[in-house]
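Protein chains in written order, with the working numbering: chain A, 0 to 550; chain B, 127 to 629.
Backbone N, C-alpha and C define an ideal beta-carbon position, used for all residues, glycine too.
As the structure is a computational prediction, the values presented were derived from the model and not from experiment.
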């Protein structure tokens, strides 16, 4: 009987309920059972008697409910929560980042560590890493936010004229008014012109542009539209492995089927059409594949797709009737010689009517990356091509529920697509700032690859574009074993250790997906050059030490 | 042609069409929940209004010269001026070179510096932590404590959002689960703000309606909650109750007693409480006062305060600031299971973070100029002038509408809308039915076509069967509002005449 009491888990009321049910179903309770029940009732009454005092002393409600004998069961618990939410994983801001925040707090509290600061190389957050905003953009935004500044002689005329133009397109001439849900019409027109220039004149209809709250928002919206069916007919979405975990997280939440196609690490992470075919054939056995997502330039893998490869993807999508989603947020971030960004839209239209009138495509862009790095403004847009007009109506309706994307982000996007022209006063400064930022990034991409490849046990593909390196790391069997004992993936174990010992915060490759038995991490190339050198040296040292320790 | 030939021809046309036009994403293959979503505030009538606007711009003629969008609570679009101090702080944060400018007051600079210190790389352009910038969360918690006269608020329970809508969606996403009779039911008022019904459709949850009492100033009746809950239990599992206070579109302000009853009900029936309090500063009726759900819960004693799960929402879009475009907002979460909270943070992190400019605007709202500060006088003056004008317009709207035969309007105690009941003659009802539309949609479309005034039919918010309403904002300037109400009156009288066969 005593053992029974010990065994009885008092933590969950639910279990107590089960116990009652058990007694009820198995006839008259024995004395032992009655004693147990009396014991439970006693504990409950003791706790509830003291609760008000506990409360007055300001102890969290949690402590009481943790103890088990709460007044009422919570409505929202892990058991009752939306099960799809549980399945969501997002490593870029996962446990390792939470630990990094804790360590930062510990450092502030004066706790001694083998380092003085946490370096967050986990996320492509340019400004946080010291990149300076483009002056012209911020001038226009400040003018829009506080139009009294239009009288200020210190602001250049071209910034003022842009701010005036944007404000004229806003309700009541204010950034504080809602815009139409699709985004301010004038800005959509500017974006369309920008896309036309980028794509060598291929026409772009402003009605096909939807502004969004960062690219993430638009990607989630498109996926939401695409997901339907049950069982075998449930929508499958093809995503690259490694991938940016927004995709896997969204698919998990929407209850769609993730179809993984693997990028070829031995071939600079390039996309292989036969691998697409393999993944699709396999998936057809258990779901209905309907969309293909491409990230170009690649995140986390940094590859830039060749034109030929894009053509192959489009042909494949056309043949298999797949909706194409092209994540092109890093379109200005191309560093490697011989690489060039080709937009899916341009390639599609150059392949002829057979394709350009048929393949459904949504491409995404954002203010967060490229040379702007304005993540905090949550600006972005998508262009839809060949979307069924009825579906477009539904899309417009769906985005209207969220009213509109943030207007400062829309304004920023307008300046990005409509930057100073050669005859304008801000042109020189703008070009200089943009060139400097991109040149520094190119230099850092090169440097990162070079230094990492010198470390035995680390192999790094060239960072052709985007903002990350995704090197493969060799982990000794002993380390893998220890990780398993800790119920961590081996690369999580590695990254945690790196964080604890050096303060460098990276994301384990398992958060992006990788071939079984291979291990990676993602790190941004964004820290300033001097800092980046130190980071890379620290990683090198850590890795060598790690290898020595576990070999 | 024989029948067989005909059907063969039809068949081949079908196939040809399929080959030519078959898309991956069509209305048939679209996510069915998306199809079910309805959002009247930006629905067909607003699309029509946009078309008319464009037509006028292109030189077309109508019996009016401009479209007045009284369909949405968009204060600045209606000419309300932004609060200077708020915009100064946002401008300073956006372009920190302005810190050297003598034309900005010190207190604005101090706030901007503080916000920037909380941002990565001291820039609004960096991502914040997914729950929001830490110092802003702390300011919000301090503000809530002050508002609720000392009821403790833990800053770690505060999450910034992309407008209140985003917070509401996030919480609902957590709550929806189960199948068939165990599917989550969400209790919402009728009339309601259609974000709720839209979100419920999208998530395929069960909408559980409780009707507000129109004859009693749209008050919430606890017996109606019981009725609705019991009825819903037959086919779903009601797990959440949503309250909008002050009410949208109905403008009522809940009494403390009523809130106590709701909380007691939620406690008894084990319901998660979502209280939408975005209009907390918009209370106009002299005998009304805003009571936060949190404070009332606290005052009901620890038994309640420590167990009822409550989330309350606020936003930069309403109040006296009306900064809709910044998409700022926050929610405070009380008694949420710590494990669920971790899940929520994970969910928020997928979207990275709410817009920083909106977070900065939120910070100014919760941390406004203090009496000893330089800008206090101007700030206070701007604030009271906005709120004073709103109170006046609330009164004016009610008065003028109630003078029209066939329109009955409850007092606009708070928020930003009037939701008058309109009498629609049977003949008009029939005509609407023949056109396949709701009678109040016919009414509002006619109003738009004839006067350029864009209001939202009551059917978009929900109403008792056989009653008809529309929602209009009270936001246009007083002069414009008078003209607008005059036009509504003339239109209504004309409409009644036309359909009562009195001509």
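Handout entry: Residues that residue 144 of chain A contacts on chain B, provided the C-beta gap is smaller than 8 Å
Key = For this step, residue 144 of chain A is matched to residue 145 along the first chain. Residues of chain B passing the Cβ test: 213, 216, 217, 220, 483.
Practice task
Pull up the distance between the alpha-carbon of residue 483 of chain A and that of residue 489 of chain A, whole angstroms please.
Solution key: Here residue 483 of chain A refers to the residue found at position 484 when the first chain is read from its first residue. Here residue 489 of chain A refers to the residue found at position 490 when the first chain is read from its first residue. Between residue 483 of chain A and residue 489 of chain A, the C-alpha separation is close to 7 Å.
Exercise for the section: Can you give me, in chain order, the residues of the stretch 402 to 416 of chain A that have a beta carbon less than 8 Å from any beta carbon in chain B? Expected result: 402, 403, 404, 405, 406, 407, 408
Problem - Cutoff 7 Å; reference residue 358 of chain A; Cβ partners in own chain excluding five residues on either side - result: Looking up residue 358 of chain A in the first chain gives position 359. Cβ within range, chain order: 313, 316, 317, 323, 347, 385.
Problem - Residue environment, residue 373 of chain A, which counts as buried when at least 16 other CB atoms sit within 10 Å - result: As a working mapping, residue 373 of chain A is identified with position 374 in the first chain. Buried, by the Cβ-count rule.
Practice task
Count the other C-beta atoms from every protein chain shown that fall within 10 angstroms of the C-beta of residue 115 of chain A, then say buried if there are 16 or more, exposed otherwise.
Solution key: Translated into positions along the first chain, residue 115 of chain A becomes position 116. The residue is exposed, with fewer than 16 neighbouring Cβ atoms inside 10 Å.
Practice task
Consult DSSP for residue 292 of chain A and reduce its assignment to one of helix, strand or coil.
Solution key: By one-based count along the first chain, residue 292 of chain A stands at place 293. If DSSP states are grouped into helix, strand and coil, residue 292 of chain A belongs with the strands.
Exercise for the section: Flag this pair as yes or no: are the beta carbons of residue 203 of chain B and residue 145 of chain A separated by less than 8 Å? Expected result: Taking the first residue of the second chain as 1, we reach residue 203 of chain B at position 77. Taking the first residue of the first chain as 1, we reach residue 145 of chain A at position 146. No; because the gap between Cβ atoms is not below 8 Å, this pair is not in contact.
Problem - Secondary structure of residue 270 of chain A, DSSP reduced to three states - result: One-based indexing of the first chain puts residue 270 of chain A at position 271. Note: residue 270 of chain A maps to coil in three-state DSSP.
Practice task
Would you mind sorting residue 73 of chain A into buried or exposed? The rule is 16 or more other CB atoms within 10 Å of its CB.
Solution key: Counting from 1 along the first chain, the entry for residue 73 of chain A is found at position 74. Around the beta carbon of residue 73 of chain A, a 10 Å sphere encloses 16 or more other beta carbons of the protein chains shown; the residue is thus reported as buried.
Problem - For residue 80 of chain A, the first and last residue of its enclosing beta strand (DSSP E) - result: To locate residue 80 of chain A, count along the first chain from 1; it is residue 81. No beta strand (DSSP E) holds residue 80 of chain A; DSSP gives it neither H nor E.
Problem - Validate contact between the stretch 390 to 410 of chain A and the stretch 440 to 456 of chain B using beta carbons, cut 8 Å, 3 pairs - result: yes
Problem - Contacts that residue 306 of chain B makes with chain A (C-beta to C-beta distance below 8 Å) - result: The sequence position of residue 306 of chain B within the second chain is 180, counting from 1. Going along chain A, no residue has its Cβ under 8 Å from residue 306 of chain B, so there is no contact; the nearest lies around 14 Å.
Problem - residue 151 of chain A - DSSP class collapsed to helix/strand/coil - result: If you number the first chain from 1, residue 151 of chain A lands on position 152. Of the three classes helix, strand and coil, the one that applies to residue 151 of chain A here is coil, per DSSP.
Practice task
Kindly list the residues whose CB is nearer than 7 Å to the CB of residue 408 of chain B, restricted to its own chain and excluding five residues on each side of it in sequence; keep chain order.
Solution key: Start at 1 with the first residue of the second chain, and residue 408 of chain B comes out as number 282. The answer, listed in chain order, is 372, 444, 445, 516, 540, 541, 542.
Problem - Residue span of the alpha helix (DSSP H) that contains residue 488 of chain A, given as start and end - result: If you number the first chain from 1, residue 488 of chain A lands on position 489. That residue, residue 488 of chain A, is in no alpha helix (DSSP H); it is neither H nor E in DSSP.
Practice task
Report the rounded CA-to-CA distance for residue 476 of chain B versus residue 275 of chain A, giving the unit in angstroms.
Solution key: Stepping through the second chain from its first residue, residue 476 of chain B is reached at position 350. Stepping through the first chain from its first residue, residue 275 of chain A is reached at position 276. The straight-line gap from Cα to Cα measures roughly 26 Å.
Handout entry: Per-residue contacts from residue 354 of chain A into chain B (C-beta, under 8 Å)
Key = As a working mapping, residue 354 of chain A is identified with position 355 in the first chain. Simply none; closest approach about 14 Å.
Exercise for the section: Kindly indicate if chain B contains any beta-carbon less than 8 Å away from that of residue 322 of chain A. Expected result: One-based indexing of the first chain puts residue 322 of chain A at position 323. Taking Cβ atoms only, chain B reaches closer than 8 Å to residue 322 of chain A, which makes this a yes.
Handout entry: Contact test: residue 197 of chain B Cβ vs the ligand MN heavy atom, cutoff 7 Å
Key = As far as ligands go, the structure on display features none, and thus does not contain the ligand MN.
Handout entry: Segment contact flag, the stretch 285 to 303 of chain A with the stretch 234 to 244 of chain A, C-beta cutoff 8 Å, min 3 pairs
Key = yes
Handout entry: Where the beta strand (DSSP E) containing residue 361 of chain A begins and where it ends
Key = As a working mapping, residue 361 of chain A is identified with position 362 in the first chain. Unbroken beta strand (DSSP E) run through residue 361 of chain A: 360 to 365.
Exercise for the section: For residue 168 of chain B, go through chain A and note every residue whose CB falls closer than 7 Å to its CB, in chain order. Expected result: In the second chain, residue 168 of chain B corresponds to position 42, counting from 1. Correct list: 180, 399.
Practice task
Taking C-beta pairs closer than 7 Å, name the residues in chain A that residue 200 of chain B reaches, listed in chain order.
Solution key: Here residue 200 of chain B is taken as the residue at index 74 of the second chain, counted from 1. In chain order: 170, 176, 177.
Exercise for the section: Check the Cβ of residue 389 of chain B against every Cβ in chain A and list those closer than 7 Å, keeping chain order. Expected result: Along the second chain, read from residue 1 onward, the residue named residue 389 of chain B stands at position 263. Those do not exist, as residue 389 of chain B stays about 13 Å from chain A at its closest Cβ, beyond 7 Å.
Practice task
Please list the residues of the stretch 321 to 334 of chain B that have a C-beta atom closer than 9 Å to any C-beta atom in chain A, keeping them in chain order.
Solution key: 321, 324, 325, 328, 329
Problem - 7 Å Cβ shell around residue 245 of chain A - same chain, five flanking residues per side excluded - result: Here residue 245 of chain A is taken as the residue at index 246 of the first chain, counted from 1. If we look at residue 245 of chain A and ignore the five residues flanking it on each side, its Cβ neighbours are 215, 218.
Exercise for the section: Kindly indicate the opening and closing residues of the beta strand (DSSP E) around residue 333 of chain B. Expected result: Here residue 333 of chain B refers to the residue found at position 207 of the second chain. Going by DSSP, residue 333 of chain B is part of the beta strand (DSSP E) stretching over 332 to 337.
Problem - Beta-carbon proximity list for residue 625 of chain B, same chain, < 7 Å, skipping 5 on both sides - result: Walking along the second chain from the start, residue 625 of chain B turns up at place 499. Only 551, 553, 554 meet the Cβ criterion.
Problem - Sequence-distant residues of the same chain with beta carbon closer than 7 Å to residue 335 of chain B, five excluded per side - result: The residue labelled residue 335 of chain B in the question sits at position 209 within the second chain. Around residue 335 of chain B: 314, 316, 354, 588.
Exercise for the section: Measure from the C-beta of residue 531 of chain B to each C-beta in chain A and report whether the shortest distance is under 8 Å. Expected result: For this step, residue 531 of chain B is matched to residue 405 along the second chain. For residue 531 of chain B, the answer is no, since every Cβ of chain A falls outside 8 Å of its Cβ.
Practice task
Can you pull the chain A residues whose beta carbon is under 7 Å from the beta carbon of residue 267 of chain B, in chain order?
Solution key: One-based indexing of the second chain puts residue 267 of chain B at position 141. None at all; the shortest Cβ gap to chain A is about 14 Å.
Practice task
Just the C-alpha distance for residue 291 of chain B and residue 400 of chain B, rounded to the nearest angstrom, thanks.
Solution key: For the purposes of this step, residue 291 of chain B is taken as the residue at position 165 of the second chain. For the purposes of this step, residue 400 of chain B is taken as the residue at position 274 of the second chain. Each residue's Cα considered, the two are about 12 Å apart.
Handout entry: DSSP three-state assignment for residue 550 of chain A, whether helix, strand or coil
Key = On the first chain, residue 550 of chain A is found 551 positions in, with the first residue counted as 1. Of the three classes helix, strand and coil, the one that applies to residue 550 of chain A here is coil, per DSSP.
Handout entry: residue 504 of chain B: contacting residues in chain A (beta-carbon distance under 8 Å)
Key = The residue you call residue 504 of chain B lines up with position 378 of the second chain. Near residue 504 of chain B there are no residues of chain A at all, since even the closest Cβ is about 13 Å away, more than 8 Å.
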